[in-house]
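2 protein chains.
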Amino acid sequence: MANKPILKLERFLPYRLSIVSNKVSSIIADTYKDKFAISITEWRIMAVLGEYPDISADEISAKTQIEKSILSRSVSKLLKRNLIERDMAEDDRRRSMIRLSATGKSVYDEIVPLSYQYEDALLECFSEEEQAQFSHLIDRLYEHAGNL
Amino acid sequence: MANKPILKLERFLPYRLSIVSNKVSSIIADTYKDKFAISITEWRIMAVLGEYPDISADEISAKTQIEKSILSRSVSKLLKRNLIERDMAEDDRRRSMIRLSATGKSVYDEIVPLSYQYEDALLECFSEEEQAQFSHLIDRLYEHAGNL
DNA sequence: CTAAATTGGTTGCCATTGCAACTAATTGGG
DNA sequence: CCCAATTAGTTGCAATGGCAACCAATTTAG
């Protein structure tokens, strides 16, 4: 007769990964949600723009893994709130060039330290060595997951 | 003058955690989505029911971290598809007692091995020792994140 | 050149999410 | 007892997500 295993959900690694990731993301989101009314998606867009000013929607999409329709709507919203600016590329009038506005930059400058603070607080449960290990393992897992 | 750091999103741990977790979850979801038309949420419900038959919606919610309104709707859907069964508790007619139906159980029995297979495949990029380490670190991170 | 294919971005539409308000059953305090 | 508070679950509603169809600009092939 067939052996029928059960799944221990709370020990299943993909599940634990998801739970911890969601918890971390939602705590972090709370640090800027209340103060600036910015969503996770919007923050990710602003974050890459802080690092790479004047990139196109497609490039933002590539860097953040945000799907292009979602990105398009988020960009509209951020434009309306004057947190970012956009104009079209000279050489290709389909491509947009997006950057943080002055307001957006000042919001960015406030959120970045908070984010690093939270990351530090989160990782303080690990030793230096464990932090490095964990970081490395996450990178490898990500790479490996891509080839499945 | 103020020192204004930038955020390297792709190296920011909460971000990497989220990306890898989403990738893993979505790959795993594909293994049962096509064949059984079951969503991640639905699968989690079925998974805990396979492990703990005849528990209430509230207990499912506690074990899966699924918010109760979402749970309620998912349960309705699973009932309609005859994947689960429900009746009300004798001693408290508000509380439901939910379990997998025969059909649900057979679906469960098909998905569980696939899940374990995927987990193994995912973790094969780690040595035994690294797997144990990673698992342990995730648990600690989860616990620690809870106290922030 | 010009028509077809590709690319960058937007929009329509429907499913999912999640807070808040609600109903109904149960419990607890006076 | 009985009324207020709590608990289990459902539903309304607005926001978000994501596929697919679409438009317009650009590139490529013939």
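Note that the protein sequences, when read in sequence, are chains A and B.
Per the UniProt record's numbering, the very first residue in the first sequence carries number 1; after that it's consecutive.
Per the UniProt record's numbering, the very first residue in the second sequence carries number 1; after that it's consecutive.
Just so it is clear, CB atoms sit at the ideal spot from N, CA and C, and this is done for glycine as well.
For residue i: DSSP bridge partner residues
{"i": "I111 of chain A", "result": "Looking at the DSSP assignment, I111 of chain A forms no beta bridge with any residue, so it has no partner."}
{"i": "M97 of chain B", "result": "B:D87"}
{"i": "I55 of chain B", "result": "B:I98"}
Backbone CA spacing between residue i and residue j [nearest angstrom]
{"i": "A57 of chain A", "j": "E85 of chain A", "result": "12 angstroms"}
{"i": "R95 of chain A", "j": "D87 of chain A", "result": "9 angstroms"}
{"i": "G104 of chain B", "j": "L122 of chain B", "result": "26 angstroms"}
{"i": "M97 of chain B", "j": "S76 of chain A", "result": "47 angstroms"}
{"i": "R81 of chain B", "j": "E10 of chain A", "result": "26 angstroms"}
{"i": "S101 of chain B", "j": "I45 of chain B", "result": "13 angstroms"}
{"i": "V112 of chain B", "j": "R99 of chain A", "result": "47 angstroms"}
{"i": "L13 of chain A", "j": "Q133 of chain A", "result": "17 angstroms"}
{"i": "T64 of chain A", "j": "V48 of chain A", "result": "8 angstroms"}
{"i": "L79 of chain B", "j": "R73 of chain B", "result": "10 angstroms"}
{"i": "A29 of chain A", "j": "L7 of chain A", "result": "31 angstroms"}
{"i": "P53 of chain B", "j": "S39 of chain A", "result": "38 angstroms"}
{"i": "S61 of chain A", "j": "V107 of chain A", "result": "21 angstroms"}
{"i": "A37 of chain B", "j": "T31 of chain B", "result": "10 angstroms"}
{"i": "I138 of chain A", "j": "L17 of chain B", "result": "7 angstroms"}
{"i": "L148 of chain B", "j": "Y142 of chain B", "result": "10 angstroms"}
{"i": "K4 of chain B", "j": "G50 of chain A", "result": "11 angstroms"}
{"i": "S115 of chain A", "j": "K33 of chain A", "result": "12 angstroms"}
{"i": "S69 of chain B", "j": "A89 of chain A", "result": "46 angstroms"}
{"i": "A145 of chain B", "j": "E130 of chain A", "result": "16 angstroms"}
{"i": "C125 of chain B", "j": "H136 of chain A", "result": "12 angstroms"}
{"i": "R93 of chain B", "j": "I66 of chain B", "result": "22 angstroms"}
{"i": "I27 of chain A", "j": "D91 of chain A", "result": "42 angstroms"}
Span of the alpha helix (DSSP H) around residue i
{"i": "A47 of chain B", "result": "I40 to E51"}
{"i": "D92 of chain A", "result": "Taken as a continuous stretch (DSSP letters only), D92 of chain A belongs to no alpha helix (DSSP H), as it is neither H nor E."}
{"i": "N22 of chain B", "result": "L13 to F36"}
{"i": "L79 of chain A", "result": "K68 to K80"}
{"i": "E143 of chain B", "result": "E128 to G146"}
Interface flag, residue i vs chain B, CB-CB below 7 angstroms
{"i": "V48 of chain A", "result": "yes"}
{"i": "F134 of chain A", "result": "yes"}
{"i": "R140 of chain A", "result": "yes"}
{"i": "R16 of chain A", "result": "yes"}
{"i": "D109 of chain A", "result": "yes"}
{"i": "E51 of chain A", "result": "yes"}
{"i": "L9 of chain A", "result": "yes"}
{"i": "V112 of chain A", "result": "yes"}
{"i": "L83 of chain A", "result": "no"}
{"i": "I27 of chain A", "result": "yes"}
{"i": "L148 of chain A", "result": "yes"}
{"i": "V20 of chain A", "result": "yes"}
{"i": "A145 of chain A", "result": "yes"}
Any non-hydrogen atom of the ligand PLP closer than 6 angstroms to residue i Cβ
{"i": "E143 of chain A", "result": "Here there are no bound small molecules, and the ligand PLP is not part of this structure."}
7 angstroms Cβ cutoff, residue i in contact with chain A
{"i": "K33 of chain B", "result": "no"}
{"i": "K23 of chain B", "result": "yes"}
{"i": "E42 of chain B", "result": "no"}
{"i": "A121 of chain B", "result": "yes"}
{"i": "K4 of chain B", "result": "yes"}
{"i": "A102 of chain B", "result": "no"}
{"i": "S69 of chain B", "result": "no"}
{"i": "S115 of chain B", "result": "yes"}
{"i": "L13 of chain B", "result": "yes"}
{"i": "L137 of chain B", "result": "yes"}
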